Amino acid sequence: MHRYLPHTEQDIEQMLQACHAKALDDLYCDVPAELRLKRDYDLPAEMSEKEVRDFFASLRDDCRTLTCFGGAGFYDHYSPAVISAITSRSEFLTAYTPYQPEISQGTLQYIFEYQSMMTALTGLDVSNASMYDGATATAEAMMMCVAAARKKNRVLISATVNPIVADVCRTYARYHKIALEVIPEKDGVTSRAEFEEMMQAGDVAGVIVAAPNYYGIVEDYAGYADLCHSKKALLVMNCPASALAAVRTPGEWGADIAVGDAQSLGMPLNYGGPYLGYMCTTKALIRKMPGRIVGATKDRDGKRVFVLTLQAREQHIRREKATSNICSNQGLMALYATVYLSLMGPEGLKQVNALSIDGAHYLAGQLESTGKMSLQYPDKPFAYEFLMRLSDGITADRVIDACLAQGIFAGVKVADDMLLIACTEMQTKADMDKYASIVNSL
Amino acid sequence: MNRDLYGKLIFELSHQGRRGFSLPRNEFPAYEIPAGLRRETPLGLPQVDEPTVVRHYTNSSNNNFGVDTGFYPLGSCTMKYNPKINDEMAADPVMSRLHPLQPQSTTQGALKAYYTLQQMLSEIGGMAEFTLNPFAGAHGELTGLMTIHAYHDSREDWARTKVIVPDSAHGTNPASAAVCGYEIVEVKSMADGTVDVADLKSKLGPDIAAMMMTNPNTVGMFEKNIPEIAKAVHDCGALMYYDGANLNPMLGVARPGDMGFDVMHINLHKTFSTPHGGGGPGSGPVGVRAGLEQFLPNPRVVKNADGTYSAICDDSALGRISSWIGNFAVDLRALSYILSLGAENLKMVGPLSTLNANYIMHALRDLYLLPIEGPCKHEFVFDGLADKSTGVTTLNVAKRLLDFGFHAPTIYFPLLFHESLMIEPTETESRETLDAFIAAMRQIAKEAAETPDLVKDAPHNTPISHPDDTEAALHPVVTWAELN
Amino acid sequence: MTKYLSSHEYARVEGNIAYVGISPYAAAQLGNVVYVDMPEVGDDVEAGEDFGAIESVKAASDLYAPVSGAVIEINEALIDNPRLVNEDPLANWIIKVEMTNPAELDELLDEEAYASVCH
Chain H
1 MHRYLPHTEQ DIEQMLQACH AKALDDLYCD VPAELRLKRD YDLPAEMSEK
51 EVRDFFASLR DDCRTLTCFG GAGFYDHYSP AVISAITSRS EFLTAYTPYQ
101 PEISQGTLQY IFEYQSMMTA LTGLDVSNAS MYDGATATAE AMMMCVAAAR
151 KKNRVLISAT VNPIVADVCR TYARYHKIAL EVIPEKDGVT SRAEFEEMMQ
201 AGDVAGVIVA APNYYGIVED YAGYADLCHS KKALLVMNCP ASALAAVRTP
251 GEWGADIAVG DAQSLGMPLN YGGPYLGYMC TTKALIRKMP GRIVGATKDR
301 DGKRVFVLTL QAREQHIRRE KATSNICSNQ GLMALYATVY LSLMGPEGLK
351 QVNALSIDGA HYLAGQLEST GKMSLQYPDK PFAYEFLMRL SDGITADRVI
401 DACLAQGIFA GVKVADDMLL IACTEMQTKA DMDKYASIVN SL
Chain C
443 MNRDLYGKLI FELSHQGRRG FSLPRNEFPA YEIPAGLRRE TPLGLPQVDE
493 PTVVRHYTNS SNNNFGVDTG FYPLGSCTMK YNPKINDEMA ADPVMSRLHP
543 LQPQSTTQGA LKAYYTLQQM LSEIGGMAEF TLNPFAGAHG ELTGLMTIHA
593 YHDSREDWAR TKVIVPDSAH GTNPASAAVC GYEIVEVKSM ADGTVDVADL
643 KSKLGPDIAA MMMTNPNTVG MFEKNIPEIA KAVHDCGALM YYDGANLNPM
693 LGVARPGDMG FDVMHINLHK TFSTPHGGGG PGSGPVGVRA GLEQFLPNPR
743 VVKNADGTYS AICDDSALGR ISSWIGNFAV DLRALSYILS LGAENLKMVG
793 PLSTLNANYI MHALRDLYLL PIEGPCKHEF VFDGLADKST GVTTLNVAKR
843 LLDFGFHAPT IYFPLLFHES LMIEPTETES RETLDAFIAA MRQIAKEAAE
893 TPDLVKDAPH NTPISHPDDT EAALHPVVTW AELN
Chain F
927 MTKYLSSHEY ARVEGNIAYV GISPYAAAQL GNVVYVDMPE VGDDVEAGED
977 FGAIESVKAA SDLYAPVSGA VIEINEALID NPRLVNEDPL ANWIIKVEMT
1027 NPAELDELLD EEAYASVCH
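Protein chains in written order, with my numbering: chain H, 1 to 442; chain C, 443 to 926; chain F, 927 to 1045.
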């Protein structure tokens, strides 16, 4: 038998006897013959471990790592070596959801630490145990606004929110029967006048904005929370987790819900996942928040211990009345974020942001000095990402192709003449100078 | 472990000025975000050195129980062995560094991996195409239902506002249908745990969008009336949805597509051995029969005529349900698993998982109440101890099992029985392990009769015992800041 | 006069005012109540529609209004001590409703009819 399957011929024979069966097929006597698969799967034959390795090597050979100036919600940060050493410990890796707290304190404790760290980052009171990714977490926040408001189903989303995130929200809204409307943008930021106008009717359950926004701009949301609250709407802010060490936080703006992707906390890009959606809210809304939550309590000996709590809200008990259908979290990725934040601390995260933000401003300057591109919104403050408009005759594709030839991912094409460029601590000054010189040569 | 040194929260190990990070020197001129737009609140993260971080989490991991620690017979969760080669393949030094939006000419290998796995799952499920974009089983259910919704929408069939769910279904089924905007119609189970076809037929009509089923169902019985059910559902214009949570015993035996299902999801973290990670990340690919492919979510990965691969977005799709193409690194693990087993071993997975379950069932049915007769599939349900006079509950039995070094089965699910104890051993457990588990279960039944308080007061040998759940829910303390 | 919904809410009527809570049977079924989600004073409730939720460690249920009207008071003692519902569910009502359509009371179950629902 295969190395994953412990059964010997003798085991099978004796076990079948214990089950009063003669053959394995007897155990499937209730499966109608016409439904039985009467052939082998049309799949490759067993590969040895070496052959599996060779197959993956062939896939790898058809891929190329690049010096990455692409962002748009996915950021190329450094992953400290400690993290994979911890996350690959099989006590963490091969555990299920911590339903038995007596033998799951490892998982429960790191989730409690994770929740504590995310509330520190966002400036809000409580956090869930994490969600799939930033886009689905934002969609969940949208549904939470509608559930909390009870009889309202209109939600506003700023045009400056990442379009992928907005797309996912739109999908959920369509099927969940939420009227999701876009607040237009003006000069790269949310149009305050139109926001105020759209709020007038008082039928809005929630408002979703981003910080920094899709173009990397740090918007001024003064007054947004007050207007939302005066109209009994919730303010949702979508923020990449790492940036919260640098930009004004959802808590400081007075937002009710903070959501986003925590991939920027050193998680490998992994061609799209797994990442980590986070969600934080105020204490008043804790029971409206979807997802798992870990709480502290005491055991029989008075020892501080951790348990899954407020489970009554969840799908396995509430079924169709649950706050969400989510029934897992991104456990291991929450551990990833927790170990990352433990290593970085307040100073490390500050330095990561400084490297990214200072680097982005340096690169923007170098690129502008080529005369081939210029900042689309020069008057707006940006953090680690910025939108460049290309001069006549130069297309985004041309920049991307020229850079690709030199091993650089130039950025995300937003329009034929627009390129969204991001920096992290992973790109050196030399990389940036090289990028500028390629552009200069176009 | 030394609890004073390492039994604390990471926040309690913090000292001003300690650091655990290593970053390049900043060679750039400093830029400051304008006042009013930058963070002013001090960042309350711990300050710890690297060795402290490593010891803290290593010690903490010792308070955990995983598949690599011991037997994990958690019903409906398929806690099988998680092969190590899979983890190594998923941590590929090149593919793990690919940005989702970098030119697809530089990600061909990754797209090929996706396409290859998609095709393999289609063969296993008897479907035309799979999307790997959904992040988890519940997300797959939601995506599958959205696919069904998009199908009915494309036909301008707006009257279909309801989804039928058996009363034995996983809680996610009704929850996913509700998130997708559907009303739930519950269909009854018969005494043998299978769907009451007469009750189902009375509920079918032009208002039904879909029927959600898992097969075998949550009591581990194969729904043998499935051809009749599928026909009745199709005759009323609705689609059949297969919840793949219980796919494991069907490997090598029967395919959901051949049973008449139109849309299905697979939990790669169950049937295809990817680790559960303490709750995630999982992966919940969704498959559809021919004719429904165009409704699958964006982006779709396709193979072009020239042999290259593309991730494309299309207006006919139900929309986007994830940032990019799902939990890619989890999918790589499943691919590695299928290649490692190959067609000839994959077909043994189902029968051996069923053999293991039946073996335990037969060895314990004299002491535990078996409410449903007949060969089970990969799992089965006891309705607590056979002797109800002892006052020992399913919860007590579950907690006592922890003392024997086994994880507890799923308890109080399905809701069909008061004392459900749902046991799923999986095919990767040896006969010796099963025998040891059986011995422990028999011992507990004996204790329940002779020294019931010993069982009722369990667990006795775990790192902690009897946490106060009521206090936790009454006064939730969910952060370090709240502890102080 | 006290009347019931089959979903276990009661309305104890005094004049034009209904005290709405959950029955002793429901309280016992739920077990230790850990949270009661209540509307705000001034909110309107509608007979048969949910107006809040009640939560124990193991279960959560929506609360349905037996009668329509305006919420004129909520039982604030339940905010800090939700377990009062377990101690005496009839004394510890959840909301006080000024009825707009007392005729709705005729649709509700009396003690005897309600008792037959509980088993």
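Each residue gets a CB set at the ideal place from its N, CA and C atoms; glycine is no exception.
Remember, it's a predicted structure, so these values are computed and weren't measured experimentally.
F:D1006 is outside the set of residues whose beta carbon lies under 8 Å from a beta carbon in chain H.
Between H:T281 and chain C, the shortest Cβ-Cβ separation is not below 8 Å. Going by beta carbons, H:M279 and H:V259 fall inside the 8 Å limit. Proximity of chain H to C:K789 at the Cβ level (cut-off 9 Å) is accounted for by L37, D40 and Y41, in chain order.
By alpha-carbon distance to H:L349, the top candidate from C:E454, C:Q489 and C:G478 is C:Q489. Neighbours of F:V960 in chain C, taken as residues at a C-beta separation under 7 Å, are given in chain order as T912, A915 and L916.
For F:V983, the residues of chain C that pass the 7 Å Cβ criterion are D911, T912 and A915, in the order they occur in the chain. Contact between H:Y214 and H:V161 is confirmed by a C-beta separation of about 6 Å, below the 8 Å threshold.
In this structure, C:F463 keeps its C-beta atom at 8 Å or more from the C-beta atom of H:S116. Bridge pairing for H:N238: H:A210 and H:V259 [DSSP]. Chain H has no Cβ within less than 8 Å of the Cβ of C:I754. Look at H:C19 here: in three-state DSSP terms it is coil, with no helix or strand label. Ranked by Cα distance from C:G512, the options C:S518, C:N800 and C:Y523 are led by C:Y523. Residue pairing of F:A979 in beta bridges, as defined by DSSP: F:D963 and F:D988. Counting along the chain, C:V897 sits inside the alpha helix (DSSP H) bounded by residues P894 to K898. A Cβ-Cβ contact shorter than 8 Å links C:Y557 with C:V743. Under the DSSP definition of a beta bridge, H:G295 partners with H:V307. Closest in alpha carbon position to H:L244, among H:I357, H:M199 and H:K413, is H:I357. For H:D299, the chain C residues whose Cβ falls inside 8 Å of its Cβ are I906, S907, H908, P909 and D910, in order along the chain. Around H:A120, the beta-carbon contacts reaching into chain C at under 7 Å are L485, G486 and L487. Ranked by how close their Cα comes to the Cα of C:P918, the residues H:T338, H:A85, H:Y99 and H:Q311 have H:Q311 in first place.
Beta-bridge annotation (DSSP): C:P608 is paired with C:V629. Taking 8 Å as the CB threshold, H:A312 lines the interface with chain F. In the structure shown, H:Y28 adopts helical secondary structure according to DSSP, grouped into three states. Nearest C-alpha to C:G724 among C:N787, C:C519, C:N798 and C:T494: C:C519.
Runs of the alpha helix (DSSP H) lying entirely within the region 1012–1044 of chain F and spanning at least 4 residues, in chain order: 1037–1043. A direct Cα-Cα distance of roughly 14 Å separates C:R731 from C:I708.
DSSP places C:F848 in the coil class of the three-state scheme, outside both helix and strand. Around C:E628, the same chain offers V607 and D609 as residues with beta carbons nearer than 7 Å, after the five sequence neighbours per side are excluded. Under the DSSP definition of a beta bridge, H:C68 partners with H:F409.
By the criterion of a C-beta distance shorter than 7 Å, C:M569 is surrounded in its chain by G699, M706, G729, V730 and R731, once the five residues flanking it on both sides are discounted. Within 9 Å of the CB of H:R389, no CB atom of chain F is found; the nearest one sits about 50 Å away. Using beta-carbon distances, H:C239 does not count as an interface residue toward chain C, since no partner is under 8 Å. H:G70 reaches chain C at H541, P542, L543 and Q544, counting residues in chain order whose Cβ is nearer than 9 Å. Under DSSP, H:N153 shares a beta bridge with no residue. Shown here for H:G411: same chain residues with a beta carbon closer than 6 Å to its own, the five before and five after excluded, namely F69, G70, L419, L420 and I421 in chain order.
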